[in-house]
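Input: a single structure, listed below in structure tokens.
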Amino acid sequence: MFIPKNMRMPAGGQTWSFIKAHSFGVMITTDLTATHLPFVVREQEGQLLGHMAKANPQWRDADGQRVLVIFSGPHSYISPRWYASKPNVPTWNYAAVHAYGTLELVEDEANLAAMMTLVETYDPGLTGDKSIMSDDYVNKLSGATTGFRIHVDSLEGKEKLNQHKSQADQQGVYRALQQSQDTDAQALANYMRSRQLGTGE
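Throughout the sequence shown, residue numbering follows our numbering, covering 88 to 288 in sequence.
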């Protein structure tokens, strides 16, 4: 990913935190097959855990392959009318992290454990409700999936948030995003505020 120096996300904890907050990614293998998947993040181990349907052929040749997973965060159209300076052109601001690593297929037991961790992450307490998720039903469905872990060896993050613009231009964009009725624009403004980037402050 092309990343100008002033748009590079700090390495380490910040990139992992971003993935945790935006853990639905796109995994791309060497044959350019892509699958949209939720991931369990194991920062200390440097791993991403996931699973896909056994009917999906992507996993069949993926064991031992180097893969790319793209995690996208808030993004929005930026109008040149929002800048204090002229002339200007439209653009699109966003934040994203690319994770590179080697994929390893896992045994059924490890796959089931990772799936339960994923459920607990997004719907705490659901695994204890056997009226919805009985053990037999869960085991049946997990058998129809293939689990894997990605041993991450490289992370790169980009935050394109108008950091290179003047203070007045940054303030104009940030204000317009805040006041927008578009939820994507509002989400980007919230992200900019949390990161203290591109707000003109």
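Using N, Cα and C, we set each Cβ at its ideal position, and we do this for glycine too. All figures in this text were calculated on a predicted structure; none of them were measured in a lab.
Closer than 6 Å to a non-hydrogen atom of the ligand SAH - does that hold for the CB of residue i?
i	result
GLY230	Because no ligand of any kind appears in the structure shown, any question about the ligand SAH cannot be addressed here.
Measuring alpha carbon to alpha carbon, tell me which residue in the options is nearest residue i.
i	options	result
LYS107	GLN131, ASP118, THR120	GLN131
PHE111	LEU228, LEU284, ASP271, ILE157	ILE157
ARG147	GLY188, GLN258, GLY234, VAL127	GLY234
GLY100	SER159, VAL128, VAL113	VAL128
GLU196	LYS247, VAL225, PRO174	VAL225
GLN145	GLY285, VAL113, HIS162	VAL113
ASN198	SER104, ALA140, TYR261, LEU264	ALA140
HIS162	ALA171, LYS173, TYR181, ARG282	TYR181
THR189	ALA272, GLY137, ASN143, ASP222	GLY137
TYR209	TYR187, HIS109, ALA186, ARG262	HIS109
GLN273	HIS185, ILE165, GLY212	ILE165
SER104	GLY285, LEU124, TYR278, THR286	TYR278
ILE237	VAL193, THR214, LEU284	VAL193
TRP179	GLN266, THR204, ALA200, LYS247	LYS247
DSSP on residue i, reduced to helix/strand/coil?
i	result
GLY100	helix
TYR187	strand
GLN145	helix
SER281	helix
PRO167	helix
THR270	helix
LEU192	strand
LEU136	strand
LEU119	coil
How far does the beta strand (DSSP E) with residue i in it reach, from first residue to last?
i	result
ARG129	127 to 129
PHE89	No beta strand (DSSP E) contains PHE89, which DSSP labels as neither H nor E.
VAL113	111 to 115
Enumerate in chain order the residues of its own chain whose CB-to-CB distance from residue i is below 6 Å, with the five nearest sequence positions on each side excluded.
i	result
GLY133	VAL239
ASN175	PRO167
Can you give me the Cβ contacts of residue i inside the same chain, cut-off strictly under 7 Å, excluding the 5 residues immediately before and after it?
i	result
THR116	GLN145, ALA149, GLN152, VAL154
- Query: What residue ranges within the stretch 197 to 265 form continuous alpha helix (DSSP H) runs of no fewer than 4 residues, ordered along the chain?
  - Reply: Fully enclosed alpha helix (DSSP H) runs of 4 or longer: 222 to 229.
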